[in-house]
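Number of protein chains: 2
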Amino acid sequence: MKYVSFLKATNFVHNLLINRIPEGSTVIDGTMGNGYDTLFLHEQVGEEGVVYAFDIQKLALERTKEMLIENNIAIDSNRIRLIHDGHENIGQYVKEPISVAMFNLGYLPNGDKEIITQNSTTIQALSAALSLLQARGIISIVIYYGHIGGLEEKQRLMDYVNNLNSSEYTVMQCSYLNKEKNPPIIVLIEKNK
Amino acid sequence: MKYVSFLKATNFVHNLLINRIPEGSTVIDGTMGNGYDTLFLHEQVGEEGVVYAFDIQKLALERTKEMLIENNIAIDSNRIRLIHDGHENIGQYVKEPISVAMFNLGYLPNGDKEIITQNSTTIQALSAALSLLQARGIISIVIYYGHIGGLEEKQRLMDYVNNLNSSEYTVMQCSYLNKEKNPPIIVLIEKNK
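Chains as they are written, first to last, in the UniProt record's numbering: chain A, 1 to 193; chain B, 1 to 193.
Here it is in structure tokens:
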């Protein structure tokens, strides 16, 4: 098996969250993409938990369904809800408290690079996820910003999380130091109480 | 039990490393302090592993011994070597490859604030740990810099890690965004191969 760096962004977030998401809880994959986080979240919350996964691209839903089927997971179960809609509409679908929400911002790897997450919907999505987040819940955001408009999306998002109330939320930013070419940034938000 | 924030610096590092340090491997606690990392590292490497723990303050060794005894761990074992010397001398004591080295830079909590880690010895210590680090090994550094000389130590360290060869090492910096008063910075280094 190919070695995946411990500090590779998506791996790093999984390393942090593994075994720390309450079984049976409700979680959100805000950007389904190829389905890796949807699968990971399902494994973490177990059969009693619920995963809501969003993507505006039909292709992402197809890939995620394939990945789940390959892993022998029933995709018609109410426990994994694959929603073909933008993550800014999270609040229309999720009504219960969540323990975790995961976002990968940028474009779908190997997908249509014309369809990127938009900074206006990103802030709406994050705001919706924060309002559903239970005490000690965590939001992870991996930001890829090497595409057109990416820097602006990143800046708006950083401004937003910088201004979160520190008594309510702990916010951490993880960045790569010795890499060139816009390496991703990871933002972690914990609800304090 | 009091809730400890998932993102609290020392907790964050433990969360990242837990269950990921090879059992039976050799590890270094570069700054023994009150012994929390020494205990953590011993739990991770198990009875077949070896922990080398360093501190220039006698008080740190006493506190660490107390903590180990409280946890029913034999302190006269060759498996935990509490060394009363500065961590810049790591190379004089450790001759085998290490899987992990942990550092907390700054002063000993509740100790003598006059005795702080010095930036010259810090770079020497880190350099020694890097030269012992095995492939896929990890170094964690938590930097407290709110004391006199702390900013300078932080800057020298950041310059040093920024210049590590990216083909050899992946370097990540984790910082708190919405906190005032010099919150700690965490640096993570992974040896790529």
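For glycine and all other residues, C-beta sits at the position ideal for the given N, C-alpha and C.
Is the Cβ-Cβ distance between residue i and residue j less than 9 Å?
i	j	result
A/S99	A/I189	no
A/D76	A/F54	no
A/G106	A/Y144	yes
A/T170	B/Y169	no
A/A135	A/K65	no
A/N72	B/N178	no
B/V13	B/M102	yes
A/M172	B/L7	yes
B/N104	B/I141	yes
A/L39	A/L61	no
B/R63	B/G24	no
B/L126	B/V94	no
B/N163	A/N19	no
Using a Cβ-Cβ cut-off of 9 Å, state whether residue i counts as contacting chain A.
i	result
B/F12	yes
B/R63	no
B/R79	no
B/M158	yes
residue 203 of chain B	Outside the shown range of chain B (1 to 193) lies residue 203 of chain B, about which nothing can therefore be said.
B/E190	yes
B/N71	no
B/N19	yes
Determine the chain B residues that contact residue i at a beta-carbon separation under 9 Å, and present them in chain order.
i	result
residue 196 of chain A	Outside the shown range of chain A (1 to 193) lies residue 196 of chain A, about which nothing can therefore be said.
Assign residue i to buried or exposed, taking buried as 16 or more other Cβ atoms, counted over all protein chains shown, within 10 Å of its Cβ.
i	result
B/G46	exposed
residue 196 of chain A	Residue numbering for chain A in the displayed model covers 1 to 193; residue 196 of chain A lies beyond these limits and cannot be assessed.
A/G146	exposed
B/K181	exposed
B/E153	buried
B/Q44	buried
A/A128	buried
B/A74	exposed
B/G33	buried
A/N151	Before going on, a small fix: residue 151 of chain A reads as Leu here, not Asn. Looking at its Cβ environment, which holds fewer than 16 other Cβ atoms inside 10 Å, A/L151 is exposed.
Is any beta-carbon of chain B found at less than 9 Å from that of residue i?
i	result
A/S131	no
A/E23	no
A/V45	no
A/T170	yes
A/Y3	yes
A/V142	no
A/V161	yes
A/V50	no
Go through its chain and collect everything with a Cβ distance to residue i's Cβ below 6 Å, but skip five positions before and after it.
i	result
A/T121	G86, E88
B/L41	V27, D29, V51
B/I56	G86
B/E96	T26
B/A9	V142, P184, I186
A/I138	V100, E190
A/G91	A128
B/I80	H42, V51
B/G49	G24, S25
A/D37	D29, M102
B/C174	I186
A/T31	F103, N104
A/H84	L61
For residue i, which residues in chain B fall below 7 Å Cβ to Cβ?
i	result
A/V94	Ordered by position in chain B, no residue passes the 7 Å Cβ test against A/V94, which lies about 22 Å from the chain.
A/K181	Here the premise fails: no neighbours, minimum Cβ distance about 10 Å.
A/I56	Result: empty, since nearest Cβ-Cβ is about 28 Å, beyond 7 Å.
Applying a beta-carbon distance threshold of less than 9 Å, which residues of chain A neighbour residue i?
i	result
B/Y176	S166, T170, V171, M172, Q173
B/I138	F6, L7
For residue i, which residues in the same chain have their Cβ closer than 8 Å to its Cβ, ignoring the five residues on either side in sequence?
i	result
A/I123	R156, L157, Y160
B/S5	N11
B/I69	I75
residue 205 of chain B	This structure cannot settle anything about residue 205 of chain B, because the visible part of chain B is limited to 1 through 193.
Is any beta-carbon of chain D found at less than 9 Å from that of residue i?
i	result
B/V27	No chain D appears in the structure shown, which is made up of the protein chains A and B.
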